[in-house]
Each structure stands twice: as C-alpha cells, then as structure tokens.
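S.K.: Chains L and A, in that order, give the protein sequences. Numbered according to numbering that gives the first Met the number 0, the first sequence spans residues 0 to 231. Numbered according to numbering that gives the first Met the number 0, the second sequence spans residues 0 to 231. Ideal Cβ positions, reconstructed from N, Cα and C, are used throughout, including at glycine. Structure below; questions to follow.
Protein chains: 2
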Amino acid sequence: MRPDELPRIRELPLFSSMSEENFLDLTTAAYLQHFPPQVELIVEGDSADFLYVVVEGTVELFAKSNGRETTMAIVRPVNTFILAAVLKDAVYLMSARTVERSRLLMIPTSNVRTAFENDPKFARSIVSELAGCYRAVVKDHKNLKLRSSVERLANRLIKYHTEQGANGTVELFHDKRTLAALLGMTPENLSRAFNTLKPYGVEVNGTSIHLTDLPALETLAKPNQLIDDRTV
Amino acid sequence: MRPDELPRIRELPLFSSMSEENFLDLTTAAYLQHFPPQVELIVEGDSADFLYVVVEGTVELFAKSNGRETTMAIVRPVNTFILAAVLKDAVYLMSARTVERSRLLMIPTSNVRTAFENDPKFARSIVSELAGCYRAVVKDHKNLKLRSSVERLANRLIKYHTEQGANGTVELFHDKRTLAALLGMTPENLSRAFNTLKPYGVEVNGTSIHLTDLPALETLAKPNQLIDDRTV
DNA sequence: TTCTTGGCTTGATAAAAGTCAATCTGTCTG
DNA sequence: CAGACAGATTGACTTTTATCAAGCCAAGAA
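Structure representation (structure tokens):
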C-alpha cells in the first residue's frame with residue numbers, strides 16, 4: 000500500500016479509534032488493490048480469507064440458489080463487506096463482484112481477529128459496524144415482506160433522493176436490472192413500476208430520475224424510519 | 000434471580016467464557032422473569048433498555064408497517080434477541096411477544112456494554128453471537144428472494160425434520176398462521192402449499208407432520224446449506 | 001350434551017408478479 | 001456511416017399469491 004493512502008483509511012469509523020500500533024499491524028498485512036469491473040471477488044461457500052473495505056467504486060453482493068440469482072446489496076465507499084464471515088471464520092454466504100473499476104482494501108482474516116483481541120477500541124468499532132450490518136439486513140427483510148414492489152421502488156427513490164441532497168433529482172449509480180434485483184423484482188416489472196409511479200411525479204431519463212411531486216410520492220410510499228433510514 | 004438458576008445461565012455460549020466477577024456483575028443487575036403467553040415485551044421504535052435471553056418458552060419477533068404485520072423470527076431457548084439494538088444503543092427494529100408462557104433473562108443495556116468493555120472474552124462471545132444473528136437474517140433473506148412459497152415450506156419442513164432427530168415426524172411448535180407469516184405467505188396459501196406437498200409424502204395432522212418420502216421432498220425443495228443450515 | 005369460538009381449510013375471484021417474445025434505443029465498433 | 005449489441009421497454013399471456021367469503025372441525029364453556 001502506498002503510504003500516502005494510509006491517512007484516508009485511518010479516518011474510517013472502523014479504524015479511527017484504534018491504537019497506531021495496531022493500525023500499522025493491520026495495514027502492513029493488508030492489500031490495497033484496484034479491480035476492473037465485473038470481477039468476481041468472492042464466491043459464496045468459500046471460506047473467509049479477507050475482510051474487504053470498499054475504498055473507491057462499487058461492489059455488488061449477490062447470492063444464487065437452484066439456478067436463480069439475486070442481488071443482496073450494493074456496497075459503496077466507505078464500507079466493509081463480509082465482516083460476519085470473517086469474525087466467525089465461516090464460509091461466505093454471499094458472492095461479491097465489482098460493478099465498476101474499484102479500489103478495495105483487503106485485510107487478512109487472522110489479522111482482523113488478532114487486532115480484535117488486542118485492541119478494545121477496535122473491538123468496539125467492529126461490533127458497531129457488525130450491528131449496523133445486521134440492522135441493514137433486517138430493514139431489507141422488512142421491506143421485502145411488508146411492501147409491494149411498487150412501494151419498494153417508491154421508497155427507494157425517496158431514500159436516494161434524501162441521501163443525494165433532496166434537490167428533485169435522483170441519480171442511479173447502478174443499471175436498472177441491478178436495481179430490479181436489489182428490490183426483489185424482474186427488470187420488466189421494474190419498468191412497469193416506473194410507469195405506475197408516473198402519475199406521482201416520477202420522470203425517468205435513463206439513470207437520472209426527476210421527482211416532481213414528492214408529497215404525492217410519499218403518500219403512496221408511506222416511508223418508515225425503521226425501514227428506510229440508514230442512520231436509525 | 001434465584002441462586003440455583005445461575006449455573007444454567009452460566010453455561011450459555013454467551014456467558015461461559017467470561018470471568019466469574021463480570022458474570023456476577025451482569026447477573027446481579029439482571030432479572031429472570033416469567034411471562035404469560037401473548038405479552039408484548041418490546042415495541043419497535045422504543046429505545047433498547049434490556050438484552051433479552053430466552054431461557055424457557057418461545058418468543059416471536061415481528062414487525063409492522065403501513066397496517067401490515069409479519070413475523071420476523073421465532074426465538075427458542077437458549078438464544079438472545081435484539082442484541083444489535085443494545086450494542087448500538089439504538090431503537091428496536093422489531094417488536095417481541097411471548098408465544099407461550101416463557102422465562103426470560105433481562106440484562107440492562109448499560110451492564111451489557113460495561114461487561115463488553117471490561118471482559119475481552121465476553122466481547123468475543125458477543126461478536127460471535129451477533130455475527131450468528133446477522134448470518135441468520137441473511138439466510139432468511141436469501142430464502143425469501145430465491146424461492147417460491149412452496150419451496151420455502153418444503154425446505155422448512157426438512158430443516159425442522161433434521162433438527163428434531165430425522166425420525167420421519169416433524170412437530171410444529173407454533174401455530175400455522177405464525178408459520179405462514181414466518182415463511183412470508185398467508186395462512187390460506189400455507190394450506191394450499193401443504194396440499195401441493197401431499198404427493199411428496201407430506202402428511203399433516205394438526206401440528207404434527209409426517210414425512211413419508213423424504214427423497215421426493217428433497218428433490219422438490221433442493222435444500223441449500225448456505226440457506227438452510229443453522230450451523231454454517 | 002350443545003353452543004360457541006378460533007384456527008384452519010376450501011372455493012371463487014382478483015391482483016401482483018413472472019415469463020416469453022418482440023421491439024426500441026442509445027452506444028460502441030468497424 | 002451502417003451494423004451490432006446490450007439494456008430497457010412493451011405487449012400478451014401464465015403463474016403465483018392474495019383476498020374475500022363460506023364452511024369445517026376440534027376444544028372449551030355453559
């Protein structure tokens with residue numbers, strides 16, 4: 000890893016409170032690497048060798064069963080993935096691939112666990128990160144079980160809109176087929192869901208979406224903090 | 000708490016490796032209490048006051064949104080619930096109610112976090128427990144996104160069958176409406192799904208189910224370790 | 001016993017979502 | 001520039017799932 004990149008990593012919530020010594024132990028063992036788009040980083044069922052941190056780019060977590068495939072999550076900077084498998088020394092439950100050219104920090108499993116034992120503050124950060132991941136999946140699960148596909152799309156648009164500055168425009172950072180899989184529906188159905196939302200002020204232009212009647216959209220979507228708010 | 004009950008708690012994976020001193024600190028602050036059936040223990044949105052451990056009985060975790068309700072999980076002895084909310088000092092994402100008369104250990108949030116700071120071995124157990132919870136939800140999510148309702152039922156029956164000794168009989172420890180909600184379908188649809196499975200050797204008798212043709216059922220269900228195996 | 005009750009099942013129907021095939025559209029490439 | 005291509009959309013249709021209403025059945029109460 001280039002030494003000038005260390006400070007950026009150091010600032011991440013996961014690492015900011017640990018001791019300098021333990022941070023160096025972790026990072027000297029780690030790799031910071033570029034990957035081209037569409038590279039399979041890990042395959043579900045393999046044993047966990049590295050903890051991954053997305054420093055730049057986008058990573059898709061997906062899962063397969065019985066010939067079907069679905070997107071589980073999109074990981075953007077700066078976030079980790081497959082932390083739970085690393086901590087349990089278990090096999091991955093999800094596969095991961097890069098969506099675009101990405102820069103990833105890869106920390107060997109054993110170093111993560113050593114740092115966890117030696118540095119109580121790092122242990123605290125790990126737990127906070129892991130609990131956050133848990134709560135994110137619970138929210139996804141509630142979303143899927145309690146809402147129709149049109150409602151999921153509407154709420155997702157409102158969520159992105161808020162996160163992107165609430166200026167009337169939403170930019171999708173992944174293609175629509177991925178959005179469809181993320182929302183648990185087919186691409187065809189996503190198209191139709193967008194049409195259903197047209198009367199509620201949703202104007203689609205490729206990956207750029209204008210929301211011209213947010214109150215109407217919210218009336219339909221009925222957003223719920225305990226599902227849609229990332230920070231809760 | 001009665002002193003003769005301490006040893007049983009002590010043996011739980013979550014507590015077995017922590018120091019005697021810290022264990023006593025935790026348990027003197029905790030309450031071990033009986034609850035009748037159908038008591039609402041916590042409500043989603045409330046802030047996390049206690050970590051709960053189901054010592055005896057059954058607890059249902061559920062969530063509501065926009066007038067709809069679904070079962071998120073059934074917690075049986077000996078397991079914890081809402082650990083993530085406690086560790087993040089956040090609000091509950093799920094509500095909980097007793098299904099039958101149950102005995103629960105309630106540990107105040109602040110004591111859990113103190114013990115986490117003071118006892119590295121307890122911290123290790125907490126992380127293992129939390130990672131396990133995370134992986135359980137990921138499996139549930141995969142189950143819901145990658146399978147039809149009949150497949151979910153078939154796999155659930157196989158799972159229970161394995162866990163209960165694989166002797167040809169499965170006993171449901173919750174009523175069918177709860178099973179339906181847990182599997183993400185309506186009670187009517189569960190009834191029909193059981194009918195669909197009749198040709199595959201599934202004989203229903205109230206809450207007791209016989210599996211007379213496991214190979215056929217497995218051919219239909221296509222069980223997947225990375226979804227169905229609790230221990231992976 | 002008879003009545004009531006709640007959970008379960010069944011049937012008819014409707015809505016939601018998926019599938020398949022065809023078409024469109026913008027981008028890339030030769 | 002034309003052609004190829006991938007992603008997106010649309011239409012027709014099927015399957016899956018939900019909804020609503022009615023009936024069944026076993027357990028508990030009078």
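If we define contact as Cβ-Cβ less than 7 Å, is residue 176 (chain L) a contact residue for chain A?
M.R.: Chain A, which has no Cβ nearer than 7 Å to the Cβ of residue 176 (chain L), makes this no.
S.K.: Against residue 96 (chain A), what residues of chain L qualify as contacts under a CB-to-CB distance less than 9 Å, listed in chain order?
M.R.: Going along chain L, no residue has its Cβ under 9 Å from residue 96 (chain A), so there is no contact; the nearest lies around 17 Å.
S.K.: Please list the partners that residue 69 (chain A) has in chain L, where partner means a Cβ-to-Cβ separation under 7 Å.
M.R.: Those are 144, 145, listed as they occur along chain L.
S.K.: Just to confirm, is the Cβ distance from residue 114 (chain L) to residue 21 (chain L) under 7 Å?
M.R.: Cβ atoms of residue 114 (chain L) and residue 21 (chain L): closer than 7 Å.
S.K.: Under 8 Å Cβ to Cβ from residue 12 (chain L), same chain only, skipping five residues before and after it: list those, please.
M.R.: Cβ within range, chain order: 124, 127, 128.
S.K.: For residue 199 (chain A), would you say it is in contact with chain L, using Cβ-to-Cβ distances shorter than 7 Å as the test?
M.R.: Not an interface residue.
S.K.: Following the continuous alpha helix (DSSP H) through residue 78 (chain A), name the residue where it begins and the one where it ends.
M.R.: Residue 78 (chain A) -> not in any alpha helix (DSSP H); beta strand (DSSP E) instead, spanning 78–80.
S.K.: What does a CB cutoff of less than 8 Å around residue 42 (chain L) pick up in its chain, not counting 5 residues either side in sequence?
M.R.: Excluding positions up to five away in sequence, the list reads 91, 94.
S.K.: Can you tell me whether residue 107 (chain A) is helix, strand or coil according to DSSP?
M.R.: In the structure shown, residue 107 (chain A) sits in a strand (DSSP, three-state: E or B).
S.K.: Does the ligand GDP have a heavy atom nearer than 6 Å to the CB of residue 116 (chain A)?
M.R.: Ligands are entirely absent from the displayed structure, and the ligand GDP is therefore not among its contents.
S.K.: Taking only the alpha-carbon atoms, compute the straight-line gap between residue 216 (chain L) and residue 67 (chain A) and give it to the nearest angstrom.
M.R.: Each residue's Cα considered, the two are about 19 Å apart.
S.K.: Would residue 51 (chain L) be called buried (16 or more neighbouring beta carbons within 10 Å of its own) or exposed?
M.R.: So residue 51 (chain L) counts as buried.
S.K.: Between the segment 117–134 of chain L and chain A, which residues of the former have a C-beta closer than 8 Å to a C-beta of the latter?
M.R.: Taking 8 Å as the Cβ-Cβ cut-off against chain A, the residues of the segment 117–134 of chain L that qualify are 119, 122, 123, 125, 126, 127, 129, 130, 131, 132, 133, 134.
S.K.: Looking at the secondary structure, which residues open and close the alpha helix (DSSP H) in which residue 172 (chain L) lies?
M.R.: No alpha helix (DSSP H) contains residue 172 (chain L), which DSSP labels as neither H nor E.
S.K.: Over what stretch of residues does the beta strand (DSSP E) that includes residue 204 (chain L) continue unbroken?
M.R.: Note, residue 204 (chain L): beta strand (DSSP E), 201–204.
S.K.: Look up residue 236 (chain L) in the DSSP assignment and say whether it is helix, strand or coil.
M.R.: With chain L running from 0 to 231 in the structure shown, residue 236 (chain L) is simply not present.
S.K.: Taking Cβ positions only, does residue 54 (chain A) come closer than 7 Å to chain L?
M.R.: So, not an interface residue.
S.K.: How many whole angstroms separate the CB atoms of residue 156 (chain L) and residue 208 (chain L), which I take to be in contact at a CB cut-off of 8 Å?
M.R.: 6 Å between Cβ atoms; contact.
S.K.: Answer with yes or no whether the minimum CB distance from residue 140 (chain L) to chain A is below 7 Å.
M.R.: It does; some Cβ of chain A falls within 7 Å.
S.K.: Span of the beta strand (DSSP E) holding residue 97 (chain A)?
M.R.: Run containing residue 97 (chain A): 94–97, per the beta strand (DSSP E) assignment.
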